[in-house]
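Note sheet for the following structure.
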Amino acid sequence: MIKKLFSPAILVTVCTSALLAACNQTPEESEQSSRGLELYVSPQGQQGALGTQAAPFKTIAGARDAIRQLDDLQRQQDITVWLRGGTYTLNETLVLNRQDGGQGDNFVNYRAYPEETAIISSGKAVVGWSKLSTEVEGLPEIAKNKVWVADVTRAEFGRFTALFTGDKRLPRARSDRFDGIKPTGYEIADSRNVMHKKDRHLLKEIRYVEGAPIRDWKNLDDIEVFFNPVPWALNFIPLEAIDLKQQLLTLKYEANAPAFSQNSPWAIIENAVDFIDEAGEWAHNSLTGKLYYWPHDNKKPSDITIPQLKELVRVEGDIDYDGPVDQPVKNISFEGLTFTQAKRSTWSKDHKGWGIQHDWDTFDTGNAMLRFRGAENMQVLANHFTNSAGSAIRLDLHAQNITIKDNLIDYVGHMGVLLAGYGPGIKDVNHHNTITNNIIHHVGEIIWHGHAIFAWQSGSNVISNNWIHHVPRKAVGVAGPRVQILMKKNEDFDEAAKTIRWNEIDLDVEYSDDTQAHFMPYLHAKNNIIENNKVTKTLLQLHDGASINVSGAGEGNIIRHNYIYDVDYIGARTDDWQRGTVTTQNIFENAGTGIVHKDYNHITNNIFINTNGEAIRMRAFPRQYFKPDSVIQHNIFTQGRRPPYGARDLWNTTEFFATKRGTKPIPYEYSLDFNTYAFSGADKFLQSHKQNGVEANSIATEQQQFIDVENKDYRLVTGAKALETGFKPFDVSMDSFGVTKDYPKHLLALDRDTMQWGGETILHGGLEGVQKNVH
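Under mature numbering (1 follows the signal peptide of the UniProt record, and there is no 0), the residues of the sequence shown are numbered -21 to -1, 1 to 754, in order.
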């Protein structure tokens, strides 16, 4: 049947194969009918085309609009939009809403045509380059006669913080690190924010020391300061004012904590011509409308692009933010596509209070190439998310039954995958999503606290069989607002404070009570399963974290059967305000510390091999209502550089000021037993703890427990002592961790290329050939 469809913007003819009479179909037509309706798009298509293979639409939006014109009967089939090879450059976000989803059990599929590369991008070309022939204040002597300039105005290109050449991001000019003066005279909140509003001015001040690379720039709004007010977060904020006499920088927006207030702080300046001192670097002056760039080959630049959008594709339902029920979009899939070149996140004047978990991202914000906001039953399959200044994928607010599988995410500026539900309250609609069999590396290249996968206020998700390597912070994080934030109703400027649905929360609680148990029903990052992942080379830039970290979340999270190896810091951690997490059947090899344990969580049936620090480091946290009897049993500990754990009296110090203290030094508060210690000197170690009432049934031995550690064969030897303690053997084959053998071969081949421009990528730089003293 041929049906003509009319709309004000488009006249198309769509062949609805599902309605063809079966008796008139050839075998080929019958096969096509079983696939449902098929439309075609090509960058070489023509406006007004029919959307057929011979006459494809020119834009993806054209195909979307044609589908909108179908009647209900025509929608009762799968619909596939085939994207032919080439680049689809968007100048506005492609929005798919409720009318764009599949009907019933049917899907609307956006797929790359077989054996072709369909690229979705917002990169806009920069043209009109000329060799810089005039003096520019601040330009280093080394850059003279090497820099090219083009007219790039904000009116035409908007505000931008990233520049690309081909499929690679160019590093923005930046200074070396400089020091500042530690602020004093204010009360520090547990989050390291200022405690009181009267001290908020400190969040916008940086007092620098003599010799800092500061001058009185005229284009202050272009100049950004990158700094780490805390070891676990990076701030990136434009300047508002400079006082050279007072050596004071005033920031345009508030930081998440005062600059230079914590250990090992630093700051750098970005986007000033003063710091174009090697090939590949650039800076933009929006006052003069000039873009300055030093090409690698010293030739006239070509193929230079500026991303125009923060979101390339947004799938968005009808959100009733204050109400109990949203109306989601359903049944859309994206398969085999390449998403690239979107903008970086930026903060705003009202950012304070909307930042989630240490301001690692912003609540309900469009800063990912593919974003779901009010969506169910979505599929993201075998796509490549690459070379972008922002995040790859976000699942915001209402997001359920979304499968992210077989993708490659690499060289993105912020998050790999973010799941972010509603703030604490009773509206719990971000759950039961699956993130599986993906390869994720070199995320957070600009914003260093970007995780590979981060679930905030999102529960009952499965995060499995992912291969995660070379990330600046965590591989997997699960979190929610911590209790001390929930105890400050009258303050709205701490982490995620504005996301809290106060009218849904019972606030009749005091710190003398078990506050964590009281608020647990409002914390939705619960019952997540993190399993079968392979993780290495984490926390390459920021510290005080773990490869897999659970903090301030709900109960029921499981960290199971993961292989975490060659990490300088922590393998897994149940951090502050975390209860009810089970860490089991994992292998921790060559880790700085295997596990950091806090509060009431269980560690069972794990293998620890050659840890640099303690295998398990047991800690407390501020305002903790201590709950004893965590189960730490049936684990195998091999030789490490330090003893597997130590005893600490954490209750009689000013560091933790617990609400309810333990009565004995940690670890003697725990159910610590039935473990195997297989290393030289294990008997002496074990006896020192047995006399304090733990490890009664644990075994010390010098017997090798595994068949071949050097070749990663961690099967137990015949007669292994660990079997006597109740250790349950699990699948330790390397094939059981990370992506499976059916992972797309063309994406796997790309993962092997972890180098850009002939040298290993330096995070935050993108293209540097020589490492500089950068953050």
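Cβ coordinates follow ideal geometry from the N, Cα and C atoms, glycine included.
Assignment of beta strand (DSSP E) within the segment 553 to 619, counting only whole runs of 3 or more residues, yields 561 to 563, 566 to 577, 581 to 583, 586 to 588, 595 to 598, 610 to 612, 615 to 617 in chain order. Under the three-state reduction of DSSP, residue 482 is assigned to helix.
In the three-state scheme derived from DSSP, where H, G and I count as helix and E and B as strand, residue 547 is classed as strand. Per the C-alpha coordinates, the member of 393, 329, 507, 515 positioned closest to residue 346 is 393. Of the residues assessed, residue 683 falls on the exposed side of the cut-off, its CB having fewer than 16 other CB atoms within 10 angstroms. Taking a cut-off of 8 Å for Cβ pairs, the segment 84 to 99 and the segment 108 to 124 do not touch, as fewer than three such pairs fall below it. Following the DSSP letters along the chain, one finds residue 687 in no alpha helix (DSSP H) but inside the beta strand (DSSP E) bounded by residues 685 to 687. Note: residue 389 is bridge-paired with 365, 420 in the DSSP secondary-structure output.
For residue 645, there is no enclosing alpha helix (DSSP H), since its DSSP letter is neither H nor E.
The count of Cβ pairs closer than 8 Å, one atom from the segment 182 to 190 and one from the segment 224 to 236, reaches three, so the stretches are in contact. In this chain, the beta strand (DSSP E) harbouring residue 312 covers 308 to 314.
In the DSSP assignment, residue 184 is bridged to 229. By the beta-carbon neighbour count (other beta carbons within 10 angstroms, threshold 16), residue 717 is buried. In this structure, residue 474 keeps its C-beta atom at 8 Å or more from the C-beta atom of residue 330. The beta carbons of residue 638 and residue 491 sit closer together than 8 Å.
For a cut-off of 8 Å, the C-beta gap from residue 42 to residue 60 is around 5 Å, short enough to register as a contact.
The closest CA to that of residue 371, considering only 217, 118, 553, 388, is found on 388. DSSP places residue 148 in the strand class (E or B) of the three-state scheme. Taking the Cα positions, residue 550 is about 15 Å away from residue 431.
The DSSP-derived three-state label of residue 224 is coil. Boundaries of the beta strand (DSSP E) around residue 17: 16 to 20.
Here the alpha carbons of residue 566 and residue 544 stand approximately 8 Å from one another. For residue 662, the uninterrupted alpha helix (DSSP H) run begins and ends at 661 to 669, by DSSP. Counting only residues of its own chain and dropping the five nearest sequence neighbours on each side, residue 72 has a CB closer than 6 Å to the CB of 288, 290, 293. By the neighbour-count criterion, in which 16 or more other beta carbons inside 10 Å mark a residue as buried, residue 203 falls on the buried side.
Take the alpha-carbon of residue 493 and the one of residue 555: they are about 14 Å apart. Taken atom to atom, the span from the alpha-carbon of residue 26 to that of residue 321 is near 25 Å. In this structure the segment 398 to 409 does not touch the segment 358 to 367; the number of beta carbon pairs closer than 8 Å is below three.
In the DSSP annotation of this structure, the continuous segment of the alpha helix (DSSP H) that includes residue 135 starts and ends at 133 to 136. A direct Cα-Cα distance of roughly 7 Å separates residue 279 from residue 127. Distance from the CA atom of residue 270 to the CA atom of residue 245, rounded to whole angstroms, is 27 Å. If you draw a straight line from the Cα of residue 574 to the Cα of residue 305, it is about 39 Å long. Nearest neighbour of residue 159 by Cα position, chosen from 325, 76, 247, turns out to be 247. Here the segment 688 to 698 makes no contact with the segment 639 to 651; the two share fewer than three CB pairs at distances below 8 Å.
The DSSP-derived three-state label of residue 713 is helix. According to the DSSP assignment, residue 448 belongs to the beta strand (DSSP E) that extends over 446 to 448.
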